[in-house]
Amino acid sequence: MKLGIAIAPKEALPSTFVVFRDDIKLTMEKAYKLGYEGVELALLDDSQINIEGVKALCQKYQLEIPMISSGQVYAQSHLCLTSSDKGIRSQAIARLKGLIDVAEQFGSMVNIGRVRGPIEDSEPCGSSERRFIDSLGMLALYAEPKGVHIALEPVNRYELNFINTLEEAQQIILKTGRPNIKIMPDTFHMNIEEPCIEASLVAHRDLIAYIHFAESNRWAPGMGHLNFPNIINTLKSIGYEGYVTVEILPHPSPDDAALQAANYLKTLM
Numbered sequence: 031m032k033l034g035i036a037i038a039p040k041e042a043l044p045s046t047f048v049v050f051r052d053d054i055k056l057t058m059e060k061a062y063k064l065g066y067e068g069v070e071l072a073l074l075d076d077s078q079i080n081i082e083g084v085k086a087l088c089q090k091y092q093l094e095i096p097m098i099s100s101g102q103v104y105a106q107s108h109l110c111l112t113s114s115d116k117g118i119r120s121q122a123i124a125r126l127k128g129l130i131d132v133a134e135q136f137g138s139m140v141n142i143g144r145v146r147g148p149i150e151d152s153e154p155c156g157s158s159e160r161r162f163i164d165s166l167g168m169l170a171l172y173a174e175p176k177g178v179h180i181a182l183e184p185v186n187r188y189e190l191n192f193i194n195t196l197e198e199a200q201q202i203i204l205k206t207g208r209p210n211i212k213i214m215p216d217t218f219h220m221n222i223e224e225p226c227i228e229a230s231l232v233a234h235r236d237l238i239a240y241i242h243f244a245e246s247n248r249w250a251p252g253m254g255h256l257n258f259p260n261i262i263n264t265l266k267s268i269g270y271e272g273y274v275t276v277e278i279l280p281h282p283s284p285d286d287a288a289l290q291a292a293n294y295l296k297t298l299m
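Counting with our numbering, you get residues 31 to 299 for the letters of the sequence shown.
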């Protein structure tokens with residue numbers, strides 16, 4: 031397994047779920063010095079990144095970019111894939127295609143978390159889900175020849191009313207029928223939604239491509255009550271060799287949170 035950390039450009043909203051929200055060069059240097067092997071980039075759109083400049087930084091700091099995160103597309107631009115407004119869906123798809131183009135340049139995945147959008151209560155049962163499946167299928171089809179995987183992230187019920195568990199994510203993937211759509215668990219969300227984190231990881235092991243680590247309180251691992259030794263041993267037992275990326279609140283400070291997470295997880299991995 032490899033250790034990653036979530037970062038965003040300094041233009042990102044203060045509420046963005048990343049550790050570092052600052053100049054990308056500065057944050058990549060910090061990640062390297064702390065022993066992280068990769069950075070997950072949270073982007074609003076493809077204009078926020080200088081591809082060649084970031085490639086040079088990756089080489090300089092020996093870092094990979096395993097994931098392009100799309101959460102800001104929903105949080106900041108209010109675009110989503112379940113919307114009954116065709117114009118909003120089209121804008122969301124176009125924005126996500128741009129992020130897929132970025133991911134192609136770095137051999138990254140693109141996550142679909144909150145940007146999928148909610149189930150609209152005022153509609154007939156299944157309408158929002160059908161729109162999402164159609165949109166997700168289009169994105170996967172666009173991403174496949176580029177070698178890009180889509181990582182579907184279950185989100186807890188208090189943040190989103192659609193795809194809360196790994197099993198629900200698996201069922202959507204089966205309905206979509208695209209081989210390049212995988213599951214991206216997040217321990218913070220799993221702690222709320224899954225009866226047993228370890229059992230759920232085992233049950234869905236064939237689809238897990240990437241994982242977020244955050245404590246029960248969304249602080250750095252080791253600062254809450256989750257049993258990360260058990261979780262990591264479970265990942266080892268199912269042969270998971272991908273990234274474990276910390277997506278946590280910058281508490282008590284970004285530097286302290288990043289250091290705590292790195293020091294704690296490196297002793298377990």
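Beta carbons: idealized from backbone N, C-alpha and C, even for Gly.
- For V69, the secondary structure class from DSSP, reduced to helix, strand or coil, is strand.
- L298 and S157 have their C-alpha atoms some 44 Å from each other.
- The straight-line gap separating the alpha-carbon atoms of P96 and G177 is approximately 13 Å.
- CA-to-CA, the gap between I98 and P154 works out to about 33 Å.
- Rounded to whole angstroms, the Cβ separation of V185 and A36 is 15 Å, and the two are not in contact under 8 Å.
- Exposure of N257 is indicated by the presence of fewer than 16 other C-beta atoms within 10 angstroms of its C-beta.
- Using a Cβ distance threshold of 8 Å, I222 and A199 do not count as a contacting pair.
- In this structure, L169 sits near L126, with a CB-CB distance shorter than 8 Å.
- Within its own chain, the residues whose Cβ lies closer than 8 Å to the Cβ of I123, once the five positions on either side in sequence are excluded, are L111, S165, M168, L169, listed in chain order.
- Cβ atoms of I118 and L109 come within 8 Å of each other, at about 6 Å.
- Here S230 is not near L279, since their CB atoms are 8 Å or more apart.
- In the DSSP assignment, the residues bridged to R51 are A38.
- Contact annotation, S100 with G143: C-beta distance approximately 7 Å; criterion of less than 8 Å satisfied.
- Take the alpha-carbon of E189 and the one of I149: they are about 12 Å apart.
- When D151, G65, I180 are compared, the shortest CA-CA separation from N191 is found for D151.
- Residue range 139 to 142 is occupied by the beta strand (DSSP E) that includes N141.
- Counting only runs of at least 4 residues, the region 194 to 231 fully encloses the following alpha helix (DSSP H) elements, listed from N- to C-terminal order: 196 to 206, 217 to 223.
- Around the C-beta of K60, 16 or more other C-beta atoms lie within 10 Å, and the residue is accordingly described as buried.
- Secondary structure of S107 (DSSP, three-state): coil.
- Exclusion of the five residues before and after A105 leaves L43, S45, T46, R144 as the residues of its chain whose Cβ lies within less than 8 Å of its Cβ.
- Distances from the CA of E159 to each of G83, Q201, H242 were compared; the closest alpha carbon is that of Q201.
- Residue pairing by DSSP places T275 opposite G34, H242 in a beta bridge.
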